[in-house]
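See structure below.
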Amino acid sequence: MDKFYSPKDSEKKWYDKWQAAGLFSPQPGNGKFSIVIPPPNITNVLHVGHALNIIIQDIVTRYERMRGKETLWLPGEDHAGIATQNMIVKKLSAEGKTKEEIGQEKFLEIAWQWAQEYRTRIKTQVESMGASCDWSRERFTFDEGLSKAVRKVFVSLYRKGLIYRGKYMINWCPSCGTVLSNEEIEYLDDRSKLYYVRYPIQEGGSIVIATTRPETMLGDTAIAVNDKDERYTGIVGKHAILPLVGRVIPVIIDDYVDMKFGTGALKITPAHDPNDFEIGKKHNLEVISVINEKARIKFDGPYKGMDRESARKAIVTDLESAGYLVKIEDYQHSVGHCYRCHTVIEPMISDQWFVKMEPLAKPAIEAVKDGKVRFHPERWEKVYLNWMEDVHDWCISRQLWWGHRIPVWYCNDCGHLTVSETDPDRCEACGSQNIHQDPDVLDTWFSSALWPFSTLGWPTQTEDLKKFYPTDLLVTGFDIIFFWVARMIVMGLEFMDDVPFHDVYIHQLVRDKLGRKMSKSLGNGIDPSEVIEKYGADAMRMALAMLASQGRDINLDDRTFESYMHFSNKIWNASHFVEMNADKIELKNPQGMTMADRWILSKLNLVIEKETSAFESYDYNIAAHEIYDFFWGDFCDWYIEMSKVQLEDSQLRENTQQVLLYVLKESLKLLHPFMPFISEEIWSYFFEGFLIVTRWPDVNDEFKFKDEGFDFFMEIVKGIRNVKADLDLPPSAKVRTVIVGKNKWPKDSPVELYISKLVNASKVENVRIKPKRAMTAAVNSSSEVFVVMDEHFDFNTEIARLNSKIVKATEEFRKLESRLSNDEFVKKAPEEIIESTKADKEAIEKTLKRLDKTLRNLRE
RNA sequence: GGGAAUGUAGCUCAGUGGGGGAGCGUUUGCCUUACAAGCAAGAGGUCGCAGGUUCAAUCCCUGCCAUUCCCACCA
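Heads up, the first sequence is in this note's numbering, so the first residue is 769 and it goes up one at a time.
Laid out in structure tokens, this is it:
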């Protein structure tokens, strides 16, 4: 082994070896575990948020594989309709072209090249993170098989009446040029103005309305007031004259109108506001569309062709000069923006395809309520249910080129709709060949909703589908619970008659160290490729795993990764030590021969137990902490140091080598899910076969040993080091140490040698009486440990040290005593607490006596 | 308006009904033959504020303050 671990050499090598040996493919086992990747969008390379997602899945997958299950992690990518189309349009624009210029066919050709390129780049990134997914089963939402599934689902839902087409108020993104679903709208607070405009009443007088969008007044077809509003009782039923236009519109009553807002009078524009649309329907108002799909005025007149902002300015100016403008107030309100390009959404009436959600939502709600799908952390269940119980119909058509075409053909002769899984050549009603396909495509989330079964071969009843559906776990972020998780549950229940997964682990969102979202414009993103390059994939994995608590955010400081590179190095060097001292030794039967052996073997048992149970409860950060603390804090800091003593003892040498090897071996297994590369690399130096498919360790009953006072042993070591530090002695200073009192250490263990090794003492011996000029290192109820000083002895330091120990012990004693003298405590506290409090009190009492005696002797 | 989360060391974050933790940073001393990417010792915290429940609260409950997020509405 080299002196330093080099991630670069090791990572690629092992990934290739695992792949070549086919170890990522399911191997027959004891039960199965399947998981499908949330397919990354092919819009860009992956960021560190994806890395967290990938890493958690790989940790679980590797754990389950080592548990002996037939394990499948299915990878793939999402074509990401709108997002990808935007990227390509942007690219074209940089070349001075538009998509209309090059045409749909050429555009799709470019899109497929784009998809190819980014799928490869994403795959390379996922591989570099060590993801043990089965690339032979890689899928793409635009694959032939998945497209077939999409069509089958569409046709089936259409035939059941759960997909329909109709004219409704929809969210239009003028920049993307498509309709969006409600979930694709982001509401942002915009600072704007509230304009008060006076509308003359034909029958005499006038009424003032307040609006944030004066440009939509061109489409006004009524004014509404609340029927309880006494200000307007005389005006209801009369007619207003629309300023600048001259249209005569009725004044109607509707209790939607809030009397307290503005003037209590509301202009109604049914074509460009969702609420106005509803009011318009109720009152049979005329719908006059005045804004087109490019967000320009299409209403004939002086404003025609202007964009929304210019039209607003022009209309306000004209209103003012004509004397209709009453006042303008500053106003802040939330405005819908496109989640992909952030353009302000234009509500419009349009003919679109929808999925009727209510009947589909019902079983999806029950599945979660019945615990067939469980969220972790649990609180996300409520978020899911709230949304699902008030779900709106899902607008699934998109005016894009990059996506699954809607499988509907219109007959130009009879007008019949042919809805078919395969491309028809004639109208199914009249037989006319004069038909054309709907030009629109489906929402990208339509195909992702089928992901858990379409990737396994559905609609064909493949072996994979039978074996691996439902999957066991979904790992994803909370930001796509509505977009994706909810819809997968819906579709799974509808088409597979079973939930798509039993457990959903919702991980955190990765933010920067100041808690801001990572974004390109802020330049605060962390590129996982750079992290891997700099610190190694294992360090990145371990860092993220240690942070993966069941919280909501991770504020990630990129310095964090450095710590875990240091941890890699620590593992490497500890292994190096074992190699130097136990190379070429066959691991047979380690025994708990000494106190140190028994302690580390017990600790190992404990960490196996805790880490395993942390895995079972989705506490990956706790699992990671267990092995980190054990390996560094227990194995390296204590056992390896003590093993140096045992290795020099001919009686103990062989077994010590066995224990070192054994603990290293089990530790590598426990590390593997988190740090697969370095653990496999080290494994290969010592052991046969692949670690990745080695069985996960169980608690070893032979190594359950009783407590031998190791804590006090550690206290002694720390106490002696402390004395040296207090006296400004270098750690290398050889000191003589004596132990006064009953020697309760196990006779089979070289405890004195451990101590002298750990603190660099010349000698550790048991004596009956405390020597003069000795500093107190540690005291417990049965013994005291002193460092014999001679010329370095410092009377005042020793007094101060003793006093501080006495103060601390006294405080503790009083606390325990007052607790025990409290009748309520003795009556009500559980017995074991009372017993341990009593024991603690007695022990500290004895300790105090010893401390007092030492202090008295010193003063004499 | 409805809902949720968070508030613990300088920073990033764990954690628990019964003596407050880690990593990084910082101070001090060490090349102690696995590791200076290391070892050791230390400093540093009314566990957001105020009540309540309890024998016992950093932890459970209520209210408040602060930060953040989601949903709905916003003429």
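Ideal Cβ positions, reconstructed from N, Cα and C, are used throughout, including at glycine. A quick note: this is a predicted structure, and the numbers were derived from the prediction, not measured.
Q.
Within a Cβ cutoff of 8 Å, which residues of the same chain sit near Gly929, ignoring the five residues on either side of it in sequence?
A. On the first sequence, position 161 is the one that residue 929 refers to. Counting only Cβ-Cβ distances below 8 Å, and skipping sequence neighbours, we find Lys1124.
> Where Gly849 and Ile1020 are concerned, what is the direct C-alpha to C-alpha distance, given to the nearest angstrom?
Replying inline: Counted from its first residue, the first sequence places residue 849 at position 81. Counted from its first residue, the first sequence places residue 1020 at position 252. Their backbone Cα atoms lie some 43 Å apart in a straight line.
| query | Tell me, which residues are paired with Gln1120 by DSSP? | reply | In the first sequence, counting from the first residue as 1, residue 1120 sits at position 352. Answer is Gly934.
**Message:** Please report the straight-line C-alpha distance between Ile890 and Trp786, rounded to a whole angstrom.
**Reply:** Indexing the first sequence from 1 puts residue 890 at position 122. Indexing the first sequence from 1 puts residue 786 at position 18. Using only the alpha carbons, I get a separation of about 19 Å.
Point to revise | Limits of the unbroken beta strand (DSSP E) element including Trp841 | key: Indexing the first sequence from 1 puts residue 841 at position 73. Glu838 to Leu842 is the span of the beta strand (DSSP E), which, as asked, contains Trp841.
Note to self: Between Ile1174, Ala1197 and Arg1166, which has its C-alpha nearest Thr1190's C-alpha?
What the structure shows: For the purposes of this step, residue 1190 is identified with residue 422 of the first sequence, where counting begins at 1. Closest by alpha carbon: Ile1174.
Problem - In chain order, each alpha helix (DSSP H) run of at least 4 residues that lies wholly inside the region 1127-1157 - result: 1148-1157
* **Residue nearest to Ser1524 in terms of C-alpha spacing, selected from Thr1505, Trp1513 and Ile1003** => Locating residue 1524 in the first sequence gives position 756, where the first residue counts as 1. Out of Thr1505, Trp1513 and Ile1003, Thr1505 has the C-alpha closest to the C-alpha of Ser1524.
- For the region 1169-1229, which segments carrying the beta strand (DSSP E) assignment without a break, of at least 3 residues, lie completely within its bounds, in sequence order? 1176-1179, 1185-1187 and 1203-1205
Worksheet item: Looking only at its own chain, which residues have a Cβ that is under 8 Å from the Cβ of Ile1257, when we skip the five neighbours before and after it?
Response: Taking the first residue of the first sequence as position 1, residue 1257 is located at position 489. Excluding sequence neighbours, Ile1257 sits near Ala1132, Ala1135, Val1136, Val1141, Val1267 and Pro1268.
Output the residue ranges of the beta strand (DSSP E) runs that lie fully inside the region 1015-1089 and measure 3 residues or longer, sorted by chain position. 1016-1021 and 1033-1036
*Identify every run of the beta strand (DSSP E) within the region 789-813, keeping only runs that are complete inside it and at least 3 residues long; order them along the chain.*
800-804
Handout entry: For Ser1057, the nearest candidate out of Asp995, Thr989, Leu1034 and Tyr1107 (CA to CA)
Key = Along the first sequence, one-based indexing puts residue 1057 at 289. Closest by alpha carbon: Thr989.
(message) On the criterion of 16 or more Cβ atoms from any shown chain inside 10 Å, does Arg1624 qualify as buried, or is it exposed?
(response) Along the first sequence, read from residue 1 onward, the residue named residue 1624 stands at position 856. Exposed, by the Cβ-count rule.
Cα-Cα separation, Ser949 to Leu1218:
The count along the first sequence starts at 1 and reaches residue 949 at position 181. The count along the first sequence starts at 1 and reaches residue 1218 at position 450. Roughly 18 Å separates the two Cα atoms.
In the DSSP assignment, what residue or residues form a beta bridge with His1110? The residue given as residue 1110 occupies position 342 in the first sequence. DSSP lists no partner for His1110.
Practice item. Sort Asp846, Val804, Gln872 and Arg1327 by Cα distance to Asp902 and report the nearest one. Key: For this step, residue 902 is matched to residue 134 along the first sequence. Nearest C-alpha to Asp902: Val804.
**Report entry** C-beta contact flag for Gln893 and Pro1296 at 8 Å
**Finding:** Taking the first residue of the first sequence as position 1, residue 893 is located at position 125. Taking the first residue of the first sequence as position 1, residue 1296 is located at position 528. Yes, they are a contact pair.
- Query: Between the Cα of Ile1274 and the Cα atoms of Leu820, Val813, Phe792 and Trp782, which residue gives the shortest distance?
  - Reply: Start at 1 with the first residue of the first sequence, and residue 1274 comes out as number 506. The shortest Cα separation from Ile1274 among Leu820, Val813, Phe792 and Trp782 belongs to Leu820.
Next item on the list: Inspect the CB distances between the region 934-952 and the region 1106-1122 and report whether three or more fall short of 8 Å.
Entry: yes
Subject >> Minimum C-alpha distance to Ser1445 - residue among Lys781, Leu1185 and Lys1072 >> reply: Residue 1445 sits at position 677 when you count from the first residue of the first sequence. Note that residue 1445 is Phe in the sequence shown here, rather than Ser. When only C-alpha atoms are compared, the closest one is Lys781.
Q. What are the uninterrupted segments assigned as beta strand (DSSP E) that are 3 or more residues long and contained completely in the region 881-968, given in chain order?
A. 931-941, 946-948 and 953-968
Would you check if there are 3 or more beta carbon pairs closer than 8 Å linking the region 1513-1520 to the region 1359-1374? yes
Among Leu1374, Lys1412 and Ser1447, which one has its Cα closest to the Cα of Asn1468? Your numbering for residue 1468 matches position 700 in the first sequence. Checked all of Leu1374, Lys1412 and Ser1447; the closest Cα to Asn1468 is Leu1374.
Can Ala1542 and Val1555 be called in contact, C-beta distance under 8 Å?
-> For the purposes of this step, residue 1542 is taken as residue 774 along the first sequence, with counting starting at 1. For the purposes of this step, residue 1555 is taken as residue 787 along the first sequence, with counting starting at 1. Yes, these two residues count as a Cβ contact at 8 Å.
Margin query: Considering only the alpha carbon of each residue, which of Tyr1407, Leu1439, Leu1438 and Ser1435 lies closest to Thr1424?
Written below: Residue numbering aside, residue 1424 sits at position 656 when the first sequence is read from its first letter. The shortest Cα separation from Thr1424 among Tyr1407, Leu1439, Leu1438 and Ser1435 belongs to Tyr1407.
Legend entry - Closest residue to Tyr926 among Val1547, Glu1301 and Phe1122 (Cα-Cα distance): Indexing the first sequence from 1 puts residue 926 at position 158. Measuring from the Cα of Tyr926, the nearest candidate turns out to be Phe1122.
Original post:
Nearest-angstrom Cα distance between Gly973 and Val993?
Top reply: By 1-based counting over the first sequence, the position of residue 973 is 205. By 1-based counting over the first sequence, the position of residue 993 is 225. Their backbone Cα atoms lie some 16 Å apart in a straight line.
* Reference Phe772, options Pro1499, Arg1489, Ser1336 and Phe1481, closest by Cα -> Numbered from its first residue, the first sequence carries residue 772 at position 4. Per the Cα distances, Ser1336.
Check: Buried or exposed: where does Asp1158 fall if 16 or more other Cβ atoms within 10 Å of its Cβ makes it buried?
Finding: What you label residue 1158 is simply residue 390 of the first sequence in a count that begins at 1. By the 10 Å Cβ count, Asp1158 comes out exposed.
* Measure the C-alpha to C-alpha separation of Asp1365 and Phe1454 and round it to an integer number of angstroms. => Taking the first residue of the first sequence as position 1, residue 1365 is located at position 597. Taking the first residue of the first sequence as position 1, residue 1454 is located at position 686. Looking at the two C-alpha atoms, the distance is approximately 20 Å.
_Restricting to Cα atoms, I'd like to know which of Leu1497, Gly1030 and Thr946 is closest to Ile975._
Counting from 1 along the first sequence, the entry for residue 975 is found at position 207. The option with the nearest alpha carbon to Ile975 is Gly1030.
Practice task
Report the option in Leu1626, Val1527 and Gln881 whose CA atom is closest to the CA atom of Glu1635.
Solution key: This structure cannot settle anything about residue 1635, because the visible part of the chain is limited to 769 through 1628.
Requested in this report: For Pro1207, count neighbouring Cβ atoms within 10 angstroms of its own Cβ and tell me buried if that reaches 16, exposed if not.
Outcome: What you label residue 1207 is simply residue 439 of the first sequence in a count that begins at 1. When all chains shown are included, Pro1207 counts as exposed.
Consult DSSP for Asn1292 and reduce its assignment to one of helix, strand or coil.
-> Start at 1 with the first residue of the first sequence, and residue 1292 comes out as number 524. In this structure, Asn1292 counts as coil in the three-state DSSP scheme.
Notebook entry, point to check: Leaving out five residues before and five after Ile1368 in sequence, what residues of the same chain have Cβ atoms less than 8 Å from its Cβ?
Noted result: Here residue 1368 is taken as the residue at index 600 of the first sequence, counted from 1. Taken in chain order, the residues that qualify are Asp1402, Phe1403, Trp1406, Tyr1407, Val1427 and Val1431.
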